[in-house]
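Visitor: So the number in this note's numbering is just where the residue sits in the sequence shown, counting from 1, plus 217.
This is the structure I have questions about; it appears just below.
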Amino acid sequence: MVSDRHAASERPCADRFLDTTWSVVRLNRIEDLRDAVFGAGLEAVQMTQEPVTGGLAFARQDDIVFTCGRLDGTVSLSGPLSEDCITLGLGLRIAPGSWHWLEPVADGSVGVFRPADEHDSLYRAGSLYAAVTLRQERLEQEAAGLDLVLDDRTLGATRFRAEKVGPRRLTELRDRFDRIHRGDPGDNGQCADLLRLLISQCARRPRVPAGQKPTKSHRRIVSLARAYIDANLHEPIRIEDIVAAANTSKRTLYRAFMEFMGEPPQVYVRRLRLHRIREDLASEAEAGCTIALIANQWGIAEPGRLSGWYRELFGELPSETVARRQRSADTPAAAGADGLARTAQKVGTMRID
218 MVSDRHAASE RPCADRFLDT TWSVVRLNRI EDLRDAVFGA GLEAVQMTQE PVTGGLAFAR
278 QDDIVFTCGR LDGTVSLSGP LSEDCITLGL GLRIAPGSWH WLEPVADGSV GVFRPADEHD
338 SLYRAGSLYA AVTLRQERLE QEAAGLDLVL DDRTLGATRF RAEKVGPRRL TELRDRFDRI
398 HRGDPGDNGQ CADLLRLLIS QCARRPRVPA GQKPTKSHRR IVSLARAYID ANLHEPIRIE
458 DIVAAANTSK RTLYRAFMEF MGEPPQVYVR RLRLHRIRED LASEAEAGCT IALIANQWGI
518 AEPGRLSGWY RELFGELPSE TVARRQRSAD TPAAAGADGL ARTAQKVGTM RID
């Protein structure tokens, strides 16, 4: 048996493959399986004389990381899957004799792995699995978007759930992930479908107390939350801060935003920040600032993600907005219009006591 003892051996550079489409890292040595779930740093033990081959596929959407592993050898994996995130796992094709915590697992098994909890497993050759890793608040947010509830109570402890994914749905997902490992880059559809499936397996429907009128209470919650967000948009905003400002719970906040805004609160915050960035990029008053500086001022520090979000919302890159402003500044009429807009903006921000 060959073991990875968490020594200072070179880690596979899986992070350079992370993107919104799937990329596959071929397994060449046992150490590669430290990232059997992305970023986990697991201890991997090769249980046969033959080397473990196969592949690890990775993708990312915003702050959610997806992993799909195909193992063509028998391997033992142990250690936490994440120190600060929850991982939901699905056995797409589990070879007989595989286990977690010495308990057998099978095709369609769904596991919940809480932050820092120890994971102990043995996978036989021929196994295929998928996993989603994200922070609990983001998981609750995604569940709320599906009008489902995922919280400490429903997630429970680190364990496998009794209910398994049905054979038809499982076969469909297995075929899609098999194609990824054969070289098909896939798309965001696999990510979204996998996340929805795992949430639906673990979540419950919300309970509305008899006689409660959610629309009226939700209106107040959204009003308070939006006021807080607008006043603090230039500062870091945690979901806990919005919850406190609206005097509610996370779950109710998400449901209220979905009812009135059609999107979770953190997506709404990002949307407003992107609009502020666009306003500054189009303003001659901010012409001396770089795109990165303006974005940082509004709380978006990663250029790659900024470009993706910006283009998705406005249909152009931030640099294209700047280029259009520069072209407009070269014409007297446009310059006059820009000056008028700045004057109107100043008038709009004047206080009248």
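All residues carry an ideal CB built from backbone N, CA and C; glycine is no exception.
Just so we're clear, the structure is a prediction, and the values are computed from it rather than from any experiment.
So is Pro297 buried or exposed if we call it buried at 16+ other beta carbons inside 10 Å?
Guide: buried
Visitor: Using only the alpha-carbon positions, how far apart do Ala333 and Leu365 sit?
Guide: 25 Å
Visitor: Would you list the one or two residues that DSSP bridges to Phe275?
Guide: The partner list for Phe275 (beta bridge, DSSP) reads Ser240, Thr284.
Visitor: Do Ile508 and Pro482 count as a contact pair if the criterion is CB distance below 8 Å?
Guide: no
Visitor: Of all Cβ atoms in chain C, is any one closer than 8 Å to the Cβ of Leu288?
Guide: Among the protein chains of the structure shown there is no chain C, as only one such chain exists.
Visitor: Using alpha carbons as the reference points, say which of Gln543, Ile438, Asn449 lies closest to Arg468.
Guide: Ile438
Visitor: Ser293 to Gly406, Cα distance in whole Å?
Guide: 31 Å
Visitor: Along the chain, where does the beta strand (DSSP E) containing Arg310 start, and where does it finish?
Guide: From DSSP, the beta strand (DSSP E) with Arg310 extends over 303 to 310.
Visitor: Apply the 10 Å Cβ neighbour rule to Thr265 and answer buried if 16 or more other Cβ atoms are within range, or exposed otherwise.
Guide: Answer is exposed; the Cβ neighbour count stays below 16.
Visitor: Is Glu452 helix, strand or coil by DSSP?
Guide: coil
Visitor: Cutting at 7 Å between CB atoms, please list the residues of its own chain near Gln514, excluding the five before and the five after it.
Guide: His451
Visitor: How big is the Cα-Cα spacing for Ile459 and Asp447?
Guide: Their backbone Cα atoms lie some 11 Å apart in a straight line.
Visitor: Per the DSSP calculation, Phe377 is bridged to which residue(s)?
Guide: Gly328
Visitor: Who are the near neighbours of Leu412 in its chain, counting only those whose CB is closer than 6 Å to its CB and skipping five residues on each side?
Guide: Val349
Visitor: Strictly by DSSP, which residues pair up with Leu339?
Guide: Paired residues: Ser293, Trp316.
Visitor: Kindly indicate the opening and closing residues of the beta strand (DSSP E) around Val322.
Guide: Note, Val322: premise wrong, no beta strand (DSSP E); not H, not E.
Visitor: Could you tell me the alpha carbon to alpha carbon distance between Ser326 and Lys381, rounded to whole angstroms?
Guide: 5 Å
Visitor: Roughly how many angstroms separate the alpha carbons of Gly308 and Leu441, rounded to a whole number?
Guide: 43 Å
Visitor: What is the residue span of the beta strand (DSSP E) that Thr350 lies within?
Guide: 344 to 351
Visitor: By Cβ distance below 8 Å, which residues in the same chain neighbour Ser524 in space, the five residues on each side in sequence not counted?
Guide: Leu534, Pro535
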